[in-house]
Amino acid sequence: MVSRVERGAMAEWFWTIDRTFLALFLLLLGVGLMLSFAASPAVAERLGLDSFHFVKRHAVFLAPALAVMFGVSFLAPRQVRRLALVLLITSIAMMVMALYFGVEVKGSRRWVSVLGLSIQPSEFMKPAFVVICAWLFSERSRHPDIPGNLFAIMLFGIVAALLVAQPDLGQTMLTAAVWGGMFFMAGMSWLWIVLLAIAGIAGFLAAYVVFPHVAERINGFLDKGGDTFQVDTAREAIIRGDWLGQGPGEGTIKRILPDSHTDFVFSVAAEEFGILFCMMLVTLFAFIVIRGLTRAGRLEDDFTRLAVAGLSLLIGFQSIINIGVNLELLPAKGMTLPFISYGGSSMIAVALTAGFLLALTRRRPESRARPREAYPLHAAMPQAQH
Numbered sequence: 001m002v003s004r005v006e007r008g009a010m011a012e013w014f015w016t017i018d019r020t021f022l023a024l025f026l027l028l029l030g031v032g033l034m035l036s037f038a039a040s041p042a043v044a045e046r047l048g049l050d051s052f053h054f055v056k057r058h059a060v061f062l063a064p065a066l067a068v069m070f071g072v073s074f075l076a077p078r079q080v081r082r083l084a085l086v087l088l089i090t091s092i093a094m095m096v097m098a099l100y101f102g103v104e105v106k107g108s109r110r111w112v113s114v115l116g117l118s119i120q121p122s123e124f125m126k127p128a129f130v131v132i133c134a135w136l137f138s139e140r141s142r143h144p145d146i147p148g149n150l151f152a153i154m155l156f157g158i159v160a161a162l163l164v165a166q167p168d169l170g171q172t173m174l175t176a177a178v179w180g181g182m183f184f185m186a187g188m189s190w191l192w193i194v195l196l197a198i199a200g201i202a203g204f205l206a207a208y209v210v211f212p213h214v215a216e217r218i219n220g221f222l223d224k225g226g227d228t229f230q231v232d233t234a235r236e237a238i239i240r241g242d243w244l245g246q247g248p249g250e251g252t253i254k255r256i257l258p259d260s261h262t263d264f265v266f267s268v269a270a271e272e273f274g275i276l277f278c279m280m281l282v283t284l285f286a287f288i289v290i291r292g293l294t295r296a297g298r299l300e301d302d303f304t305r306l307a308v309a310g311l312s313l314l315i316g317f318q319s320i321i322n323i324g325v326n327l328e329l330l331p332a333k334g335m336t337l338p339f340i341s342y343g344g345s346s347m348i349a350v351a352l353t354a355g356f357l358l359a360l361t362r363r364r365p366e367s368r369a370r371p372r373e374a375y376p377l378h379a380a381m382p383q384a385q386h
């Protein structure tokens, strides 16, 4: 245990970090590793690989994910903004590269190869995008002469256009939902909100008309036609699990579920550990979102308030989409379950999101030593209440 009288960097970090957030993130990462033992061996065997191929890779991904989460949590708000800006510019550039030089998977170009590693730039774009949009919205409230809202709208347009071009309509909707929530919390007028809602509906209808696979998934969701093998199999796994599950390693339906270790790991959890376990898992995600929004409401600085709320919504909305697909409440969409699903880019990007949250919610009593007006425009520090 770190003593309160110590004044080192580690001691200061330990006593100022939101330890509830930290415990929740570590718990979910541990649950993800545990579920990889249940969900991935069947997939590895179908591919002719060692049974624990994906388990080992999942464990390997945990090391850089933890390093990113802990490392970023030491940053000050100004450093978080700078890191987010660098990541956003880099990820947007890589998303453009992916359109021309990326690996095509199932008709989409979302991946680029860097030093032999496959990276999905859009995963890293999301938390960086949230932080930069929070900064743009906050600049507008502090300095009305700066068109922060216009810049945020333009940035969203660029990001949405790149996601649609891949195409990745699921990530587009996720990004739009989080951005819309931040736009609302930034105090925008109802006229803007109505106009953007109309634009969102128009975009959805355009996607339905332009992209055949989108129309196929929506039609399949509405009339239960087309290729619904994965979602139907996932539903059967959940039903078979009942309240208490079949027991660790006793699941059978997971063996014919192609993406059981990624998009449908929630169904595997239901089959082997039961609906009660899944309800506890949902509760953990809900608690993260509620705590994030509660902490955001107590922050006086506009940037940290919007960034914490946006990052919490990012985790929450992504979880809702993944679980909704598993429960056949939403049309099929490849979306990982944060902290749980297999995938290096996804895991490290979610760890980055968690690191941003930990950094921005740290208690900073020194920020109360001077009034807010004493801080420069680009270096405003949050005044968090504990």
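Residue 142 in the numbering used here sits at position 142 of the sequence shown, with consecutive numbering throughout.
Heads up, the beta-carbon is just placed ideally off N, CA and C, and yes, glycines get one too.
Source: prediction; values computed, not measured.
Under the three-state reduction of DSSP, I89 is assigned to helix. Under the three-state reduction of DSSP output, R109 falls in the strand class. Annotated as proximal: S267 and I238, with beta-carbon spacing under 7 Å. Burial check for I340: the Cβ neighbour count within 10 Å reaches 16 or more, so the residue is buried. Residue environment for H58: buried (at least 16 other C-beta atoms within 10 angstroms of its C-beta). Only exposed fits Q79, as fewer than 16 other CB atoms lie within 10 angstroms of its CB. For L327, there is no enclosing beta strand (DSSP E), as DSSP gives it neither H nor E. Remark: C-beta atoms of V289 and T361 do not approach each other more closely than 7 Å. Here L117 is bridged, per DSSP, to V114. Non-local C-beta neighbours of L306 in its own chain, meaning closer than 7 Å and more than five positions away in sequence, comprise A134, F137, S138, M182, M185 and A186, ordered along the chain. Three or more beta-carbon pairs separated by less than 8 Å link the region 157 to 174 to the region 84 to 99, which places the two stretches in contact. With respect to P331, F204 sits apart: the two C-beta atoms are not nearer than 7 Å.
Around G316, the same chain offers V289 as residues with beta carbons nearer than 6 Å, after the five sequence neighbours per side are excluded. In this structure the region 101 to 121 does not lie against the region 274 to 282, because fewer than three pairs of beta carbons, one per stretch, are closer than 8 Å.
Taking a contact to require three or more Cβ pairs closer than 8 Å, the region 142 to 153 and the region 70 to 85 do not qualify as touching.
Non-local C-beta neighbours of L150 in its own chain, meaning closer than 6 Å and more than five positions away in sequence, are absent. Leaving aside the five residues that flank D50 on each side, the residues in its chain whose CB is nearer than 7 Å to its CB run, in chain order, A44. V103 is bridged by DSSP to W111. With a cutoff of 7 Å on beta-carbon distance, S319 and E123 are scored as not near each other. Judged by DSSP in its simplified three-state form, Y342 adopts coil rather than helix or strand. Collapsing the DSSP output to three states places T283 in a helix. R235 carries a helical assignment under DSSP once its states are collapsed to helix, strand and coil.
Taking Q171 as the centre and dropping the five residues before and after it, the same chain places the C-beta of S122 and L163 closer than 6 Å to its C-beta, in chain order. Rounded to the nearest angstrom, the gap between the Cα atoms of F101 and S108 is 12 Å. Judged by beta-carbon spacing, E236 lies beyond the 7 Å limit of G251, meaning their Cβ atoms are not closer than that value. Note on geometry: alpha-carbon atoms of D232 and L47 lie some 22 Å from one another. Closest in alpha carbon position to R110, among Q166, G180 and V68, is Q166. In the DSSP annotation of this structure, the continuous segment of the alpha helix (DSSP H) that includes I193 starts and ends at W190 to V210.
Secondary structure remark: continuous alpha helix (DSSP H) runs of at least 4 residues inside the region 281 to 321: none found. The beta carbons of V130 and L314 sit closer together than 7 Å.
Here T262 is buried. Its C-beta has 16 or more other C-beta atoms within 10 Å. Residues of the same chain with a CB within less than 7 Å of the CB of V178, apart from the 5 flanking positions on each side, are V130, G310, L313, L314 and F317 in chain order. G274 and F37 have their C-alpha atoms some 16 Å from each other. Taking a contact as a CB-CB distance under 8 Å, the pair A349 and P127 counts as one, their CB atoms being some 7 Å apart. For the set F277, R82 and L24, the Cα lying nearest the Cα of D242 is the one of F277. Shown here, R81 sits in a helix according to DSSP, grouped into three states.
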